[in-house]
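Position 8 of the sequence shown, counted from 1, bears residue number 17 in the working numbering, the numbering being contiguous throughout.
One structure is given here, and the rest of the page talks about it.
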Amino acid sequence: MPDLSANINHTLASDALSIDHVVAQVANLEHAAQRMRDAGFTLSPRSDLSNVGVANHLVLFEPVDWSCASYFELMIPTVPLNALHPSMAKVLAGKPAWRWLVLATRNALVSHQRLTADGVVMPAPLHVRRQWMISPSESVWPEFDVTFPCDERLPFNLCQYHNVSLYQRAEWMRHPNGARQLAAVIAVDPQPEVTARDYARWFGTKAHRLPTGDWRVAGHPTCLEIWSLDALTAHYGIAARAAGYVGIRVRYPGPHRVEWLLPEVDGFIEFVNERDAVN
10 MPDLSANINH
20 TLASDALSID
30 HVVAQVANLE
40 HAAQRMRDAG
50 FTLSPRSDLS
60 NVGVANHLVL
70 FEPVDWSCAS
80 YFELMIPTVP
90 LNALHPSMAK
100 VLAGKPAWRW
110 LVLATRNALV
120 SHQRLTADGV
130 VMPAPLHVRR
140 QWMISPSESV
150 WPEFDVTFPC
160 DERLPFNLCQ
170 YHNVSLYQRA
180 EWMRHPNGAR
190 QLAAVIAVDP
200 QPEVTARDYA
210 RWFGTKAHRL
220 PTGDWRVAGH
230 PTCLEIWSLD
240 ALTAHYGIAA
250 RAAGYVGIRV
260 RYPGPHRVEW
270 LLPEVDGFIE
280 FVNERDAVN
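Right under this line is the structure:
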């Protein structure tokens with residue numbers, strides 16, 4: 010395995026974490042993919058990560074910062090949970106739901122050390138290079154340094170891309186429904202202020218409490234929105250009992266609406282007009 014310490018010449022100040030994407034565990038990958046196509050989203054071809062034991066489709070958006078990606082991921086385990094890495098098995102246990110955030114970093118090892126020093130329990134980063142069959146006649150080789158998800162109430166993992174352009178194909182980022190941006194990832198937590206301040210520290214930004222009762226943390230440019238149990242119920246009519254991710258917000262040209270596009274997934278997609286002031 011490559012020695013990632015050779016990359017540690019970056020300073021902590023130069024290493025900014027940002028929201029790259031969010032993972033939704035689904036019950037049937039192809040069924041979920043078709044539901045997304047029916048809702049007007051374009052999906053990347055299926056990718057089987059045999060070395061991890063999962064498969065996915067991606068719904069990609071044009072990033073503001075081209076050094077990272079911007080998307081939501083539909084994922085399913087392809088092996089029994091006890092055959093997965095323990096961190097993956099833990100985060101994928103239970104019913105399908107929005108499961109965890111993936112944070113982009115310029116240096117996975119430096120970020121991992123900084124988070125570990127801050128008390129985050131997260132496996133060390135691994136260097137991965139794998140084949141992705143785009144079509145029967147074309148394959149690409151994504152390469153990145155990545156961790157498995159951490160053991161937090163709102164779990165996340167780190168990803169340092171080495172060839173992120175592979176995820177930025179124009180034809181994958183054009184959606185028939187006009188969707189343009191992953192504006193926010195929406196979560197619930199019994200202690201939203203504490204968790205929001207943790208993420209603000211990791212993002213190098215500030216947490217803000219909104220009049221609606223939620224806490225918002227800018228994740229450059231996708232924000233993390235953390236609601237208390239009561240505030241989430243009052244605003245969305247969702248009765249959550251524990252911390253977790255519950256939805257995403259997507260900007261598009263149409264009217265505001267909230268949809269449960271995947272009936273088996275415990276979470277929603279909120280569509281907001283791209284001219285709306287709501288992030």
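Glycine is no exception: its CB is placed at the ideal position from the N, C-alpha and C atoms.
TODO: Kindly indicate the opening and closing residues of the alpha helix (DSSP H) around Ala209.
DONE: As a position in the sequence shown, residue 209 is number 200, starting the count at 1. Looking at the DSSP string, the run of the alpha helix (DSSP H) that includes Ala209 is Pro201 to Phe212.
- [ ] Tell me whether the beta-carbon of Met84 lies closer than 9 Å to the beta-carbon of Ala64.
- [x] Residue numbering aside, residue 84 sits at position 75 when the sequence shown is read from its first letter. Residue numbering aside, residue 64 sits at position 55 when the sequence shown is read from its first letter. For the 9 Å CB-CB criterion, Met84 and Ala64 form a contact.
Task: The alpha helix (DSSP H) enclosing Glu39, as first and last residue numbers - done: If you number the sequence shown from 1, residue 39 lands on position 30. Per DSSP, Glu39 is one residue of the alpha helix (DSSP H) stretching across Leu38 to Asp47.
TODO: Run the CB neighbour count on Ala92, radius 10 Å, all protein chains shown included, and call it buried at 16 or more, exposed below.
DONE: The sequence position of residue 92 within the sequence shown is 83, counting from 1. Ala92 should be labelled exposed.
- [ ] Within the same chain, show all residues whose beta-carbon is closer than 7 Å to that of Ser96, passing over the 5 residues directly before and after it, in chain order.
- [x] The sequence position of residue 96 within the sequence shown is 87, counting from 1. Counting only Cβ-Cβ distances below 7 Å, and skipping sequence neighbours, we find Pro132, Phe157 and Pro158.
TODO: Report the residue from Ala248, Pro272, Ala188 and Ala106 whose alpha carbon sits nearest the alpha carbon of Glu3.
DONE: This structure gives no information on residue 3, because the portion of the chain shown stretches from 10 to 288.
Open item on the list: Taking 6 Å as the limit between beta carbons, can you name the residues of its chain near Thr242, skipping five residues before and five after?
Closed with: Counting from one through the sequence shown, the residue named residue 242 turns up at place 233. The beta carbon of Thr242 is closer than 6 Å to those of Ala248 in its chain, skipping five residues each way along the sequence.
TODO: Quick one: grab the DSSP three-state call for Ser56.
DONE: Indexing the sequence shown from 1 puts residue 56 at position 47. Looking at Ser56 - three-state DSSP - the assignment turns out to be strand.
Task: Uninterrupted alpha helix (DSSP H) stretches inside the segment 72-99 (no shorter than 4 residues) - done: Fully enclosed alpha helix (DSSP H) runs of 4 or longer: not present.
- [ ] Measure the Cβ-Cβ separation of Ala42 and Ala33 and say whether it is below 9 Å.
- [x] Numbered from 1 along the sequence shown, position 33 holds the residue referred to as residue 42. Numbered from 1 along the sequence shown, position 24 holds the residue referred to as residue 33. At the C-beta level, Ala42 and Ala33 stay beyond 9 Å of one another.
Open item on the list: What would DSSP say about Leu270, mapped onto helix, strand or coil?
Closed with: Mapped onto the sequence shown, residue 270 falls at position 261. DSSP places Leu270 in coil when its eight states are reduced to three.
Task: Span separating the alpha-carbon of Trp269 from that of Pro134 - done: Against the sequence shown, residue 269 aligns to sequence position 260. Against the sequence shown, residue 134 aligns to sequence position 125. Cα to Cα, the separation comes out at about 34 Å.
Task: When Pro201, Pro185, Val255 and Leu238 are compared against Met45, the one with the closest alpha-carbon - done: By 1-based counting over the sequence shown, the position of residue 45 is 36. Nearest to Met45 by alpha-carbon distance, out of Pro201, Pro185, Val255 and Leu238, is Pro185.
Open item on the list: Would Tyr254 and Trp107 qualify as a contact pair, given that the criterion is a beta-carbon distance under 9 Å?
Closed with: In the sequence shown, the residue the question calls residue 254 occupies position 245. In the sequence shown, the residue the question calls residue 107 occupies position 98. The answer is yes: Cβ separation under 9 Å.
Task: contact_flag[the segment 146-154, the segment 221-232] where n(CB pairs < 8 Å) is 3 or more - done: Touching, no, given that fewer than three Cβ pairs across the two stretches are closer than 8 Å.
Open item on the list: Suppose contacts are defined by Cβ-Cβ distances below 9 Å. Is Val194 in contact with Glu161 by that definition?
Closed with: In the sequence shown, the residue the question calls residue 194 occupies position 185. In the sequence shown, the residue the question calls residue 161 occupies position 152. Going by C-beta atoms, Val194 is not nearer than 9 Å to Glu161.
Task: Euclidean distance between Cα positions of His121 and Thr231 - done: Position 112 of the sequence shown, counting from 1, holds the residue named residue 121. Position 222 of the sequence shown, counting from 1, holds the residue named residue 231. Roughly 21 Å separates the two Cα atoms.
Open item on the list: Less than 9 Å between the beta carbons of Val35 and Phe81, yes or no?
Closed with: Position 26 of the sequence shown, counted from the first residue, corresponds to residue 35. Position 72 of the sequence shown, counted from the first residue, corresponds to residue 81. No, the Cβ-Cβ distance between Val35 and Phe81 is not below 9 Å.
- [ ] Pull up the distance between the alpha-carbon of Trp109 and that of Leu191, whole angstroms please.
- [x] In the sequence shown, residue 109 corresponds to position 100, counting from 1. In the sequence shown, residue 191 corresponds to position 182, counting from 1. Whole-angstrom Cα-Cα distance: 15 Å.
Open item on the list: Buried or exposed for Ser14, going by 16 or more other Cβ atoms inside 10 Å?
Closed with: Taking the first residue of the sequence shown as position 1, residue 14 is located at position 5. Below a pLDDT of 50, predicted positions are generally treated as unreliable, and Ser14, at 35, falls in that range; no measurement from the model is reported.
- [ ] Go ahead and pull the three-state DSSP assignment for Val119.
- [x] The residue labelled residue 119 in the question sits at position 110 within the sequence shown. Residue state, collapsed to three classes: helix.
- [ ] Could you check if Ile143 is buried or exposed, using at least 16 other CB atoms within 10 Å of its CB as the buried criterion?
- [x] Here residue 143 is taken as the residue at index 134 of the sequence shown, counted from 1. So Ile143 counts as exposed.
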